[in-house]
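To start, the structure itself, in structure tokens.
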Amino acid sequence: MDEGTCVMPVAIITGASKGLGRALAEALAARGWDLVLDARTAEVLARTEAALAAHGTRVTALPGDVTDPAHRSGLVAAAWKYGGVDLLVNNASALGAEPLARLEGLSLEGLRRALEVNVVAALGLVQEALPLLRESEAGAVIAVSSDAAAEAYETWGGYGASKAALDHLAAVLGEEEPALRVWAVDPGDMATDLYAAAVPDDEEPRPDPASVVPAFLRLLDERPASGRYGAPSLLEGR
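In our numbering, each number is its position in the sequence shown, counted from 1, plus 78.
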């Protein structure tokens, strides 16, 4: 599988065309990682691919929906061509309602969509990538969580429930796969399209997603025990 004299680490990042996914991809590309990226909007993903390729790293961008098993298989197959999977970042997310709604009016179809994207598809991609992650000397899985998974906020019930389920899957995976590192990470508030769609009337400034990327890099550098981490605590003293 090695296409050169030096094998670089390989990451799969979902929801990588913009926001936190792109910011993390940019940071890893700057470190020389090979990348397999996913997003639903082909045009935006193609622009991201071109920008990241300028770092000299190998980048494969596959537009598609993570709820599609064939698409998930394609992501892992692309990573295999680069040498394997060292890092899987389940970042793609669905709100379940845009804007967010109280539980009394939450569409059950919307809730199903949030669960399919945030939980079922995330586990499906983990299952697909596990054989390659196990072969890596430093295999790791990052589940991008939310404070809504642990705190009760009005209108955030459906999304928060899906992220709470994702957190629990990550915790169990960490127990079942002790050779891997499995981190659920709450990045905190960020200025993303997802947040804007969730709360369109909120005009309070939010941090740029790039500002929390050092928290994720710290996990990769220091490899603490599997578990749930908040970006603010990881950024302390950095």
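Note that CB positions come from ideal geometry on N, CA and C, so glycine has one too. Computed from a prediction, not measured in an experiment: that's the story for all the values here.
Coil, strand or helix - residue i by DSSP
i, result
"G82", "Confidence at G82 is low in this model, with a pLDDT of 43, below 50, so its placement is unreliable and the value that follows should be read with caution. Coil, per DSSP."
"L258", "coil"
"Y307", "strand"
"V291", "helix"
"A94", "coil"
"A221", "strand"
"E314", "coil"
"D299", "helix"
"V277", "coil"
"D267", "coil"
Cβ-Cβ separation, residue j to residue i (assumed contact under 8 Å), whole Å
i, j, result
"T126", "L115", "7 Å"
"G55", "T135", "The shown model of the chain, from 79 to 316, leaves out residue 55, and the question about it has no answer."
"R100", "A94", "6 Å"
"I90", "L102", "With 8 Å as the limit, I90 and L102 do not qualify as a contact, their Cβ atoms being about 12 Å apart."
"T145", "E194", "5 Å"
Beta carbon of residue i nearer than 8 Å to that of residue j
i, j, result
"V222", "V167", "yes"
"A175", "S185", "yes"
"G236", "A192", "yes"
"L165", "A218", "yes"
"D264", "G308", "yes"
"R150", "G202", "yes"
"V163", "S240", "no"
"P285", "D299", "no"
"P287", "L313", "no"
"L244", "A262", "yes"
"V88", "A132", "no"
"A179", "T119", "no"
"A248", "V260", "yes"
Identified DSSP bridge partners for residue i
i, result
"L113", "A89 and V137"
"V204", "None; V204 has no bridge partner."
Let me know the alpha helix (DSSP H) ranges lying completely inside the stretch 121 to 198, each 4 residues or longer, listed in chain order. 147 to 160 and 186 to 193
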